[in-house]
Amino acid sequence: MSGAYLRGVGLACALGVDAESCVDAMMRGQVRPERVTLDGLAEPTQVAYYRIPDGTALFDPKRFERHLPAVTEAAVRQAGLTAAEIRALPLFLGSSCFSVGLSEQEYGAALAAGSSATVPMPCVGYDYLAALVERSVGCRGGSFTYNTACTSSANAVLGALRALQLGRCRHALVVGAELANLTTLAGFFGLQLLAPELRPFDAKRSGIVLGEGVGAVLLSAEPGRDDRLCIRGGASNCDGYSVATANPDGESVTAVLRQALAAVRLRPEEVRGIRAHGTASPTGDTAEAAGVARAFEHLPPLTVLKPHIGHTLGACGVNELVLYSGALKRGQLPATPGFEVPDPDLKLQPLTRATPALPGVYLLNHFGFGGSNTVLALEKHAS
Amino acid sequence: MIRVTAVSHYFAPLSDGEPLPSLDAAVREVCVEPYRRIDRFVQLALLGSGRCAAGRALATDCGLYMGSGLGPMGSNVLTQEQLGRDREAPMPFNFINTLGSSAGFYVGKNLKLSGQNFFVSRRGANLTALLNMAMADLELGVVKQALLGVVEEATQPLEDHRLRQHLPADRTVAEGSHWLLLEKDATTGRTLGEQRFAEPEALDAALKRAWRPGDRLVDVPRMEEKVRGALRKDFASAIPDDPREPFHDSLDAAHVTAALAADAVGSVFMVEGEPGRGYGLFHFRA
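The listed protein sequences derive, respectively, from chains A and B. Counted from 1, the first sequence has number 187 at position 120 by the numbering used here; the numbering is strictly sequential. Counted from 1, the second sequence has number 623 at position 178 by the numbering used here; the numbering is strictly sequential.
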């Protein structure tokens, strides 16, 4: 077994609440962020945000109980597994927020009520989301919960792939989960990383726009009815430059790209396209552009998906994998909205219009706080 | 063959009404440079990983696998207080330190590791999850060395810490930092193997066959009672079973590193699993 077939997908994000309609909306390129108010702060603050169009209160942490079961059950259903196979599924889950929304709500309510038993951070641990998925899907194959900032769910994909390659399981459920919470939005606001719009690799880029999304992929050692897409491999490394800022020289980005190519025994010129991380932060894009330019003499077509759904942080690996693979299935590489003016200091320009996607291997880049870099290699087979 | 070539075990029961013990001096001893703006969780990680490496230069591509049940509690509590009580955005480095992987960054930096660096949890079985991952990567040849660490931090006041974990008021709580270095091509150190079984009876039978006088058995705290009961029947004297034992959320890791760090012990076994998923038997062979 050389890879992991994508047998099922599910997604809820700013583009919609099922994977197919999300890909449709992405290809139309119509979604823009809205302004949301951080009510919990003393100083009135508004930020741009890509929210799931579900008609509920944005900071209600119980929304996980709606979206996680729906998205994961969709992925499992699409894969057509038997009851025994579902029960044996291991779960690989990546997130940045986990249950912090529950904690801030419960603590805030206790403070407002003047309760003497007020404890900050009342909901602890990383297992809330995994337990929710295990309960709703009925999978009992053991869970791995990844918390490596924005590479979390990409690393979860890598973990699932390796379990499949080693024959430890025949199928694996991989989930990325990030919903709006005040802690994350206020935290990024405090870091002064937020911008009103996303302009990846653009000369006028000024920062990140966050978003929420819950995505799932069902990976399998065997192809299903549709065997067009397969995770072939990947690599992950760590840059000790800074815990919070990307290393602008891009050396660790080049290194992880080369490690990923070596893992799938591919030469740079054989890569058909790149789904860049492209947060639109000034230093992040500089580092990625420098690293990619060094790894590729001739740059393959490059796309950024964050202008479609925002930066969904620890969930972006799975969420953007669902979107990118959906576009590849349709034979298209999506465009990058928001890119207009090339930055003369960067040696790359993302696609500004959709172009045909050929069979072959595509790379998906992910970078995060803590110096975490992860690249996944996704193969599109001929139909 | 995978071997355990180094172990470190830090376990500190805490007393109510006293400040948390300072880690500054111990951390200075294992750090190549002073790190600014780190929190107590990072200190615990640096302390445990530094003692495990013990001045030895690890391969730069050594994989790092960190886990925790509760994660960086101090920074999380501080951030929630800044938001909820003070209605202010969190201080930048408090916010960054709420990420579990921030500790992995400093461990990697301190030990000059630039390979893969993961932070993964499975509540009540964090060490099991890390062993699953690291052993897979070693077997696949993704890494030749794997540094595994489980860290648990406590916060003051300890009664709040107990409340968060639904612990009784008289239970002593603890902090811990528990680390193992695994290597594929080493010639010394305990060998590490894993067997899997569909039914607990098969696990029990395999354990009986492998058992020698002086061996230790470590069960996972959240192991289902039926299996635990059967194991206790057969290996009663070998299982740590003290309901008053100072608690942190990764006692499985604490029991393993305590046993491995002790000189006189024979083989150490750890069991894990649940119905439907099957059962694992980890064997740290002397």
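Note that the Cβ used here is the ideal one computed from N, Cα and C, for glycine as well.
| query | result |
| --- | --- |
| Please determine if the region 617 to 625 of chain B and the region 491 to 505 of chain B are in contact, where contact requires at least 3 C-beta pairs separated by less than 8 Å. | yes |
| Is the beta carbon of A/CYS217 less than 8 Å from the beta carbon of A/GLY75? | no |
| Is the Cβ of A/GLY168 closer than 8 Å to any Cβ of chain B? | no |
| Should A/GLU364 go down as buried or exposed, given a rule of 16 or more other Cβ atoms within 10 Å for buried? | exposed |
| CB-CB under 7 Å to A/ASP306, same chain, minus the five flanking residues each way: which ones, in chain order? | ASN314, SER319, GLY438 and ASN440 |
| CB A/HIS433 to CB A/ALA221, shorter than 8 Å? | yes |
| How would you list, in chain order, the residues of chain A whose beta-carbon sits under 7 Å from the beta-carbon of B/LYS554? | GLY307 |
| Taking the beta strand (DSSP E) that A/LYS447 falls in, what are its first and last residues? | 439 to 447 |
| In the DSSP assignment, the alpha helix (DSSP H) including B/ASN571 goes from what residue to what residue? | 571 to 585 |
| Can you list, in chain order, the residues of the region 529 to 541 of chain B whose Cβ is nearer than 9 Å to any Cβ on chain A? | GLY529, ARG530, ASP531, ARG532, GLU533, ALA534, PRO535, MET536, PRO537, PHE538, ASN539, PHE540 and ILE541 |
| Buried or exposed for B/ARG722, going by 16 or more other Cβ atoms inside 10 Å? | buried |
| Using a Cβ-Cβ cut-off of 8 Å, state whether B/LEU558 counts as contacting chain A. | yes |
| Output the distance between the C-alpha atoms of A/SER210 and A/ALA155, rounded to the nearest integer angstrom. | 11 Å |
| B/GLY514 CB to nearest chain D CB: under 8 Å? | Judged by its chain identifiers, the structure shown contains no chain D, and its protein chains are A and B. |
| Tell me whether A/GLU279 sits in a helix, a strand or coil according to DSSP, three-state version. | coil |
| Could you check where the alpha helix (DSSP H) with B/THR702 kicks off and where it finishes? | 696 to 706 |
| So, is the C-beta of A/PHE436 closer than 8 Å to a C-beta in chain B? | yes |
| Beta-carbon separation of A/VAL323 and A/VAL241 under 8 Å? | no |
| Does A/GLN326 come out as helix, strand or coil in the three-state DSSP assignment? | helix |
| On the criterion of 16 or more Cβ atoms from any shown chain inside 10 Å, does A/GLY234 qualify as buried, or is it exposed? | exposed |
| Roughly how many whole angstroms lie between the Cα atoms of B/LEU509 and A/GLY181? | 44 Å |
| Residue range of the beta strand (DSSP E) that A/GLU101 falls in? | 101 to 104 |
| Would you say A/LEU258 faces chain B, with C-beta separation under 8 Å as the test? | yes |
| Of all Cβ atoms in chain B, is any one closer than 8 Å to the Cβ of A/THR250? | yes |
| Looking at B/LEU572 and B/VAL595, is the spacing between their C-beta atoms short of 8 Å? | yes |
| Go to A/PRO374, then tell me how far its alpha helix (DSSP H) extends in each direction, as first and last residue. | 373 to 376 |
| So if DSSP puts B/GLY712 in a beta bridge, which residue, or which two residues, is it bridged to? | Sequence check: residue 712 of chain B is Ser here, not Gly. According to DSSP, which records beta bridges pairwise, B/SER712 is partnered with nothing at all. |
| Rank A/LEU415, A/ALA247, A/LEU418 and A/HIS238 by C-alpha distance to the C-alpha of A/GLY70 and give the top, closest one. | A/HIS238 |
| Using a Cβ cut-off of 8 Å, which residues of the region 266 to 299 of chain A contact any Cβ in chain B, in chain order? | none |
| Whole angstroms are fine: how far does the CA of A/GLY427 sit from the CA of A/LEU73? | 15 Å |
| For a cutoff of 8 Å on Cβ pairs, would you count A/SER392 as touching chain B? | no |
| Measure the Cβ-Cβ separation of B/GLU533 and A/LEU261 and say whether it is below 8 Å. | no |
| For B/ALA681 and B/ALA647, I'd like the C-alpha separation in whole angstroms. | 18 Å |
| May I have the straight-line CA-CA distance separating B/ARG616 from B/VAL665, to the nearest angstrom? | 19 Å |
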